[in-house]
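According to my numbering, the residues represented by the sequence shown are 31 to 317, in order.
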Amino acid sequence: YDLGLIVDADHQTKLQVALQVLTRLPLDALHSYERLVPQNPIFYKACTSGVAYALGDFVSQVVQGNKLEDIDLPRSLRSGAAGFIGHGPLCHYWLTFMETYLDFDGAWWATGIKVTADLTVWSIFLCSSYSFLIGMLELRDPRDVWKDVQATTWPALKSAWRFWPFVHTISFSHAVPMDLKLLWVDVMEVVWVTILSKVANEDKDKARQQELQQELQQQDNDDYVDVDGTNILSSIESSSSSSPITNKNAGAWEAAQKTLAACWPLIAMWPVLYAGYQIEVLLGLEM
31 YDLGLIVDAD HQTKLQVALQ VLTRLPLDAL HSYERLVPQN PIFYKACTSG
81 VAYALGDFVS QVVQGNKLED IDLPRSLRSG AAGFIGHGPL CHYWLTFMET
131 YLDFDGAWWA TGIKVTADLT VWSIFLCSSY SFLIGMLELR DPRDVWKDVQ
181 ATTWPALKSA WRFWPFVHTI SFSHAVPMDL KLLWVDVMEV VWVTILSKVA
231 NEDKDKARQQ ELQQELQQQD NDDYVDVDGT NILSSIESSS SSSPITNKNA
281 GAWEAAQKTL AACWPLIAMW PVLYAGYQIE VLLGLEM
């Protein structure tokens, strides 16, 4: 096929025309999306989240090492449905709320307030909603779904703190035009949903393994029962353990260390925000 034939008066070849069309497609698609969203923002944002969540779950299964023939497509569809039903519409109202009440006339530190609110109160609600919707779409017992919500919320929140703080310093900054913020978040959302879906499914496997280990441990403990019914192993462990007060203090210190280790990006983002603000001022992007 001859790509060198001149096709117009500007002496452009077919190859040049094809390259121009390909380079314009993403921008044209973006402009079309921007024209559609104001007509029905909730519906189109729901569709965007549905596609992002389904694609993210599909990529997550591929990352986990599944072959194409082993991909659980119903699982990806359930993830997409959860994004369509929950994430898109809910985030529409949440972003509107933040822009209305947490913008503080465009102050540089308002971005940090938005990120902190988004990654604490809102993330807990959103991660719980995602796990709940996935469980209900699987037609599981609500009590089992609630157990999964409790098991997956904290791991998902820790994953969010590692990923989103520095992403959102860009998302909520003035450096990204308002019309391009949604595109940026959606692209990052695919990566995040991949992480979230992987965490949700890995924790289910861990919970099952823990139940199995507890059953095996119970069987082992039964082997140490004395003639009079006393559990020899438990007696040895209780006699060698430290005082309850010491254990309580050690547990509190360990919990504090784990929390600090998990949320350090929420603290480290503030210098990044201030540095970004200074760069915006130098570039004349400050509002």
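Built from N, CA and C at the ideal position, the CB exists for glycine as well.
Kindly list the residues whose CB is nearer than 6 Å to the CB of TYR307, restricted to its own chain and excluding five residues on each side of it in sequence; keep chain order. For TYR307, where only same-chain residues beyond five positions count, the Cβ hits under 6 Å are TRP138.
Quick one, which of LEU169, VAL215, PRO185 and HIS198 has its alpha-carbon nearest PRO104's? Looking at the Cα atoms, LEU169 is the closest of the given residues.
Nearest by alpha-carbon distance to LEU60: which of LYS288, LYS97 and ASP216 is it? The closest CA to that of LEU60, considering only LYS288, LYS97 and ASP216, is found on ASP216.
For the alpha helix (DSSP H) that contains ILE154, what are its first and last residues? First-last of the alpha helix (DSSP H) with ILE154: 153–167.
Is SER201 buried or exposed, if buried means 16 or more other CB atoms sit within 10 Å of its CB? So SER201 counts as buried.
Check whether ALA8 and SER159 have beta carbons under 9 Å apart: An answer regarding residue 8 cannot be provided, because it is not within the stretch 31 to 317 covered by the chain.
Would you check if the region 72–81 and the region 106–125 touch, i.e. whether three or more CB-CB distances between them fall below 8 Å? A contact between stretches requires three or more CB pairs, one per stretch, nearer than 8 Å, and the region 106–125 meets this requirement with the region 72–81.
Applying the criterion that 16 or more other CB atoms from any shown protein chain within 10 Å of the CB defines a buried residue, is ASP87 buried or exposed? Counting every other CB atom within 10 Å of its CB across the protein chains shown gives ASP87 a total of 16 or more, marking it as buried.
On the premise that VAL223 lies in contact with TYR131, defined as a C-beta separation below 8 Å, what is that separation, rounded to the nearest angstrom? With 8 Å as the limit, TYR131 and VAL223 do not qualify as a contact, their Cβ atoms being about 27 Å apart.
ILE101 versus SER109: straight-line alpha-carbon distance, rounded: Each residue's alpha carbon lies about 13 Å from the other.
What residue does the alpha helix (DSSP H) around ARG105 start on, and which one ends it? Bounds of the alpha helix (DSSP H) holding ARG105 are 103–112.
To which residues of the same chain is GLN180 closer than 8 Å at the C-beta, ignoring the five residues directly before and after it? Within the same chain, GLN180 has no close Cβ partners at all.
If you run the structure through DSSP and keep just helix, strand and coil, what is PHE202? Reduced to three states, the DSSP call for PHE202 is coil.
Three-state secondary structure (DSSP) at LYS188? LYS188 falls in the helix class under three-state DSSP.
Quick one: give me the first and last residue of the alpha helix (DSSP H) that LYS144 is part of. That run of the alpha helix (DSSP H) goes 138–147.
Figure out for me which residue from HIS204, LYS97, GLU284 and PRO295 has the closest Cα to the Cα of LEU187. Residue PRO295 is the option with its Cα nearest to LEU187.
Going along the chain, which residues of its own chain have a beta-carbon closer than 8 Å to the beta-carbon of LEU312, five neighbours each way excluded? Around LEU312: no qualifying Cβ.
DSSP-derived helix/strand/coil call for LEU132: LEU132: coil per DSSP, three-state reduction.
What residue does the alpha helix (DSSP H) around GLY80 start on, and which one ends it? Per DSSP, GLY80 belongs to the alpha helix (DSSP H) from 71–93.
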